[in-house]
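Below is one structure, written out as structure tokens, with a few remarks after it.
Protein chains: 2
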Amino acid sequence: MNNFEFFNPTRIVFGEGEISRLSSLVPEKARVLVLFGGESARKFGTLDEVKAALGDRHVSFFGGVEANPKYETLLNAIAQVKDENIDFLIAVGGGSVIDGTKFVAAASRYPSEPMQMLKKAGSDLKEAIPFGAVLTLSATGSEMNKISVITYAAAKAKMAFFSETVFPQFSILDPVKTFTLPPRQIGNGIVDAFIHVTEQYLTYPVNAKIQDRFAEGILQTLVEEGPKTVEQPDNYEVRSNLMWAASQALNGLIGVGVPHDWATHMIGHELTALYGLDHAQTLAVVLPSLLEEKQQQKQSKLAQFAERVWGVQQGSEAEKAAQAISLTREFFESVGVKTRLSDYQLDETCIDPLIKHLSDHGMTRLGEHRDIDLDACRRILQRSL
Amino acid sequence: MNNFEFFNPTRIVFGEGEISRLSSLVPEKARVLVLFGGESARKFGTLDEVKAALGDRHVSFFGGVEANPKYETLLNAIAQVKDENIDFLIAVGGGSVIDGTKFVAAASRYPSEPMQMLKKAGSDLKEAIPFGAVLTLSATGSEMNKISVITYAAAKAKMAFFSETVFPQFSILDPVKTFTLPPRQIGNGIVDAFIHVTEQYLTYPVNAKIQDRFAEGILQTLVEEGPKTVEQPDNYEVRSNLMWAASQALNGLIGVGVPHDWATHMIGHELTALYGLDHAQTLAVVLPSLLEEKQQQKQSKLAQFAERVWGVQQGSEAEKAAQAISLTREFFESVGVKTRLSDYQLDETCIDPLIKHLSDHGMTRLGEHRDIDLDACRRILQRSL
């Protein structure tokens with residue numbers, strides 16, 4: 016395996032009823048801003064629970080952080096932070112709210128314009144407002160990592176930043192809080208977590224046995240629990256396993272010392288920015304086609320994936336690899352996430368604008384070998400029609 | 016799965032040549048005490064490398080931290096810390112040196128007698144001197160956890176303490192530094208890591224799928240790489256996998272939300288204290304007998320262990336469980352660690368003193384069901400003759 020550094024100081028508090036722990040997790044004198052998305056956090060009582068646990072502390076709210084959280088929206092939260100002398104943030108929601116909160120935490124303490132921070136991808140961040148998260152949707156892993164992706168709506172661009180200053184101080188994971196999610200969000204979450212793993216696993220072998228086994232363990236868990244969690248929304252055990260799997264998928268652990276791909280995400284980001292597909296829908300569309308396009312290069316890991324995750328024991332390495340790709344596509348469909356551009360009313364006329372956006376954003380050498388150029392992206396998208 | 020909390024802020028820096036990173040990992044103005052064990056750290060140049068990486072900083076050394084580090088020895092290190100106004104510690108060695116360093120770090124800042132801190136098992140620790148580790152022996156996982164076990168030689172007792180204040184700030188894991196270890200220490204390390212996993216895995220099922228898969232992934236890696244690392248001491252890839260497996264075995268991750276056993280360790284500690292067996296030797300002697308004694312109670316997880324780790328697909332659940340126990344014993348022997356008391360020149364006359372020690376130390380209700388009483392301990396030891 017390759018040399019690596021691993022660091023993840025986020026405290027995870029997991030299980031039913033743990034929102035009450037906020038009373039001890041948040042500093043006693045903190046002035047708190049609670050960020051959330053739509054009205055479900057209020058409707059299902061989570062905001063009230065959070066407020067109650069915070070006791071006498073100053074607590075304000077900032078609602079309306081949208082999926083693919085917008086730079087333009089979050090500037091308003093930064094203004095509120097400054098107006099009210101806020102010194103602690105709590106994100107109540109899924110990955111979008113947490114990503115947005117990371118941006119607010121960092122930009123509020125950044126000495127220049129927030130856009131500068133994004134353009135530098137967080138590389139010169141020195142500090143951020145401390146914050147925690149109350150997770151209500153398992154998918155992105157943002158609750159346990161230092162990554163944030165912000166959408167700059169004016170330019171239809173997704174911009175990621177990374178910094179140790181934006182690890183959540185804590186994240187509370189109560190599986191019960193995910194019972195009320197609509198099936199579309201559950202399916203999306205399963206696909207998102209699954210593809211976070213494949214981006215770090217389906218590359219080429221470097222004999223990193225622990226990382227491979229852990230990645231396969233997460234994938235096996237998603238395959239076993241995914242369909243059950245769609246069918247049985249209030250099955251606590253199933254939701255627990257799904258929730259912990261999603262956090263492990265992108266907390267850094269399975270990605271240490273191994274090559275990374277991430278081409279599926281880069282292509283997918285443009286599909287969201289231009290055509291408004293859900294993040295996970297874009298991944299489900301791109302991944303199977305990308306694996307077909309790169310089947311030969313990825314064959315060794317694809318065959319291992321076939322054997323260990325899908326239990327495919329028969330056939331040549333090439334046959335196993337092909338079968339694994341088919342099974343992956345079927346799995347996404349089985350949790351309700353469609354895998355063809357045509358399923359989202361897109362035809363081949365969508366491809367030129369996507370390629371132009373990829374080119375404009377410098378996405379011309381993607382994948383673990385940096386050999387997925389714009390021609391390869393075009394072939395991948397054509398396979399996805 | 017059960018509710019849990021997970022927190023692990025230790026920074027891991029992994030790979031060949033990474034000792035040079037000390038120059039940036041240790042504060043610039045630090046006054047450093049480097050703790051080490053025997054002369055191998057000096058002989059193989061590791062101490063020189065550490066000193067060189069620390070540049071102009073004040074650096075002192077404290078050698079002679081023994082296996083099963085002694086309270087009495089470590090008091091001298093605490094005196095040196097105070098004499099020299101030391102404010103940063105570096106452990107160079109394996110689990111014993113790191114455990115000892117944790118004790119020195121905590122006791123040096125503890126307002127009462129160090130023995131008080133141990134008697135309270137670290138529960139009232141408020142701070143410790145910050146420290147890092149340079150690992151030269153993979154086994155205990157101490158490089159990435161908050162656990163320390165100290166031997167109070169005067170009472171022939173092992174005393175553990177636990178505190179978030181004694182997480183290493185960083186640990187440097189360079190597999191090359193383990194090439195020179197004698198086979199006995201390599202075998203011991205493999206067994207130690209293996210049994211750290213089984214203590215958290217071979218209990219009863221709570222449907223914690225990620226924890227189970229990760230535990231099995233570590234065990235599979237140890238089974239695959241263990242014999243190779245004994246045979247090929249300078250195989251970098253094999254040592255890398257072993258090293259990362261051992262850290263993952265006891266960094267808290269596989270133990271969250273699941274029942275724990277630890278009876279093997281508690282019985283084993285008395286074998287070391289009374290008869291001087293290596294820690295891993297005691298575990299290899301106790302575990303197979305304990306699993307036989309508790310086979311029925313643990314049968315479901317034993318059968319899963321048989322299937323997933325040992326590839327046993329034939330037979331009833333009971334037969335699979337029995338086969339897994341046999342294969343485990345054979346595995347320990349295959350890496351050079353004997354599994355019978357008679358292999359260590361002990362006969363049944365050793366048992367009464369062990370039972371008395373267990374009783375004196377309050378070890379009368381061990382295991383995940385708290386039902387391993389002194390009679391059960393006796394039966395386990397008799398099976399181990």
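Just so you know, the sequences run in chain order L and E.
Heads up, the first sequence is in the numbering used here, so the first residue is 16 and it goes up one at a time.
Heads up, the second sequence is in the numbering used here, so the first residue is 16 and it goes up one at a time.
Glycine residues also receive a C-beta, built at the ideal position from the N, C-alpha and C atoms.
Following the continuous alpha helix (DSSP H) through residue 26(L), name the residue where it begins and the one where it ends.
-> Within the first sequence, numbered from 1, the residue matching residue 26(L) stands at position 11. Residue 26(L) -> not in any alpha helix (DSSP H); beta strand (DSSP E) instead, spanning 26-29.
Practice problem: Pull up the distance between the alpha-carbon of residue 284(L) and that of residue 295(L), whole angstroms please. | Solution: As a first step, residue 284(L) is located in the first sequence; it is residue number 269 there, counting from the start. As a first step, residue 295(L) is located in the first sequence; it is residue number 280 there, counting from the start. Approximately 10 Å, taken between the alpha carbons.
If you draw a straight line from the C-alpha of residue 17(L) to the C-alpha of residue 238(E), how long is it?
-> Stepping through the first sequence from its first residue, residue 17(L) is reached at position 2. Stepping through the second sequence from its first residue, residue 238(E) is reached at position 223. Using only the alpha carbons, I get a separation of about 22 Å.
(Q) Measuring straight from C-alpha to C-alpha, what distance separates residue 371(E) and residue 392(E)? (A) The residue given as residue 371(E) occupies position 356 in the second sequence. The residue given as residue 392(E) occupies position 377 in the second sequence. Cα-Cα distance, rounded: 11 Å.
Distance check for residue 251(E) and residue 225(L), CA to CA, integer angstroms please. If you number the first sequence from 1, residue 225(L) lands on position 210. If you number the second sequence from 1, residue 251(E) lands on position 236. So the alpha carbons of these two residues sit roughly 15 Å apart.
Exercise for the section: Return the chain-ordered ranges of every beta strand (DSSP E) run that is complete within the segment 140-174 of chain E and spans a minimum of 3 residues. Expected result: Complete beta strand (DSSP E) runs here, min 3: 146-150 and 162-167.
Fill in: Contacts of residue 277(L) in chain E (Cβ-Cβ under 7 Å)
By one-based count along the first sequence, residue 277(L) stands at place 262. What residue 277(L) touches in chain E: nothing, since even the nearest Cβ is about 21 Å away.
key: Under 9 Å (Cβ pairs) to chain E, residues found in the segment 233-251 of chain L   = From the segment 233-251 of chain L, only 233, 235, 236, 239 and 240 have a Cβ closer than 9 Å to chain E.
- If you draw a straight line from the C-alpha of residue 368(L) to the C-alpha of residue 344(L), how long is it? The count along the first sequence starts at 1 and reaches residue 368(L) at position 353. The count along the first sequence starts at 1 and reaches residue 344(L) at position 329. If I take the Cα positions, the gap works out to 25 Å.
- Are three or more beta carbon pairs between the segment 143-161 of chain E and the segment 261-274 of chain E nearer than 8 Å? yes
request  = Closer than 7 Å by C-beta to residue 256(E): which residues in its own chain qualify, once you throw out the five before and the five after it? Chain order, please.
outcome  = Position 241 of the second sequence, counted from the first residue, corresponds to residue 256(E). The residues are 236 and 240.
task = Enumerate, from N- to C-terminal direction, the unbroken alpha helix (DSSP H) stretches of 4 or more residues contained entirely within the segment 38-115 of chain E.
result = 55-58, 61-69 and 86-98
Below 7 Å on C-beta distance, what does residue 28(L) contact in chain E? As a working note, residue 28(L) is residue 13 in the first sequence. Result: 20.
>> Suppose you measure from the CA of residue 36(E) to the CA of residue 244(L); what does that come to, to the nearest Å?
In response: Counted from its first residue, the second sequence places residue 36(E) at position 21. Counted from its first residue, the first sequence places residue 244(L) at position 229. Approximately 45 Å, taken between the alpha carbons.
**Report entry** DSSP state of residue 128(L) mapped onto helix, strand, coil
**Finding:** In the first sequence, counting from the first residue as 1, residue 128(L) sits at position 113. Three-state DSSP puts residue 128(L) in coil, outside helix and strand.
Closer than 7 Å at the beta carbon, the chain E residues around residue 42(L): Here residue 42(L) corresponds to residue number 27 of the first sequence, with the count starting at 1. Going along chain E, no residue has its Cβ under 7 Å from residue 42(L), so there is no contact; the nearest lies around 17 Å.
Notebook entry, point to check: Is the CB of residue 16(E) under 8 Å away from at least one CB in chain L?
Noted result: Taking the first residue of the second sequence as 1, we reach residue 16(E) at position 1. Yes, because at least one Cβ of chain L sits closer than 8 Å to the Cβ of residue 16(E).
Query - For residue 20(E), the residue or residues it bridges with in DSSP - result: Position 5 of the second sequence, counting from 1, holds the residue named residue 20(E). 28(L), per the DSSP bridge assignment.
Quiz item: Residues of chain E with a CB under 7 Å from the CB of residue 24(L): which are they?
Solution: Taking the first sequence and counting its residues from 1, one reaches residue 24(L) at position 9. Those within 7 Å of residue 24(L) in chain E are 24.
Spatial neighbours of residue 399(E) within its chain, please: CB distance less than 7 Å, with the 5 preceding and 5 following residues excluded, ordered by chain position. In the second sequence, the residue the question calls residue 399(E) occupies position 384. Counting only Cβ-Cβ distances below 7 Å, and skipping sequence neighbours, we find 300, 301, 304, 355 and 356.
Practice prompt. With 8 Å as the threshold, decide whether the Cβ of residue 260(E) is near any Cβ in chain L.
Written response: Sequence index remark: in the second sequence, residue 260(E) carries index 245 (1-based). Output row for residue 260(E): interface = yes.
Whether residue 51(E) touches residue 30(E) by CB criterion (8 Å)
Residue mapping note: residue 51(E) aligns to position 36 of the second sequence, counting from 1. Residue mapping note: residue 30(E) aligns to position 15 of the second sequence, counting from 1. No; because the gap between Cβ atoms is not below 8 Å, this pair is not in contact.
Quiz prompt | For residue 347(E), the residue or residues it bridges with in DSSP | solution = For the purposes of this step, residue 347(E) is identified with residue 332 of the second sequence, where counting begins at 1. Answer by DSSP bridge pairing: none, since residue 347(E) is not bridged.
When burial is assigned at 16 or more other CB atoms within 10 Å of the CB, is residue 316(L) buried or exposed? The count along the first sequence starts at 1 and reaches residue 316(L) at position 301. Buried.
| field | Straight-line gap, residue 267(L) to residue 187(L) (C-alpha atoms, nearest Å) | value | As a position in the first sequence, residue 267(L) is number 252, starting the count at 1. As a position in the first sequence, residue 187(L) is number 172, starting the count at 1. Looking at the two C-alpha atoms, the distance is approximately 19 Å.
Determine the extent of the alpha helix (DSSP H) in which residue 187(E) is found, giving its start and end residues.
Within the second sequence, the letter at position 172 stands for residue 187(E). Counting along the chain, residue 187(E) falls outside any alpha helix (DSSP H), though it belongs to the beta strand (DSSP E) covering 185-188.
Review point. Along chain E, which residues have their Cβ under 8 Å away from the Cβ of residue 85(L)?
Key: By one-based count along the first sequence, residue 85(L) stands at place 70. Simply none; closest approach about 32 Å.
Residue span of the alpha helix (DSSP H) that contains residue 283(L), given as start and end | Looking up residue 283(L) in the first sequence gives position 268. Taken as a continuous stretch (DSSP letters only), the alpha helix (DSSP H) holding residue 283(L) covers 278-290.
* Could you work out which residues of chain E lie near residue 229(L), taking near to mean beta carbons separated by less than 7 Å? => Counting from 1 along the first sequence, the entry for residue 229(L) is found at position 214. Here the neighbours are 229 and 232.
- May I ask you to list, following chain order, the residues of the segment 132-163 of chain L that have a beta carbon less than 8 Å from some beta carbon of chain E? none
Listed by chain order, chain B residues near residue 266(L) by CB distance under 9 Å: Here the protein chains are L and E, and chain B is not one of them.
Residues of the segment 185-203 of chain L with a CB closer than 7 Å to any CB of chain E: list them in chain order, please.
So the list is empty, because no residue satisfies the distance condition.
Please confirm if residue 322(E) has its CB atom under 8 Å from at least one CB of chain L.
-> One-based indexing of the second sequence puts residue 322(E) at position 307. Not one chain L Cβ lies under 8 Å of residue 322(E).
Next on the checklist: Please tell me whether residue 64(L) has its Cβ less than 8 Å away from any Cβ of chain E.
Outcome noted: The sequence position of residue 64(L) within the first sequence is 49, counting from 1. False, the Cβ-Cβ gap to chain E never drops below 8 Å.
Measure the Cβ-Cβ separation of residue 97(E) and residue 75(E) and say whether it is below 8 Å.
-> Here residue 97(E) refers to the residue found at position 82 of the second sequence. Here residue 75(E) refers to the residue found at position 60 of the second sequence. Result no, Cβ atoms of residue 97(E) and residue 75(E) do not sit closer than 8 Å.
For residue 245(E), report the span of its alpha helix (DSSP H) as first-last. By 1-based counting over the second sequence, the position of residue 245(E) is 230. Counting along the chain, the alpha helix (DSSP H) containing residue 245(E) begins and ends at 224-246.
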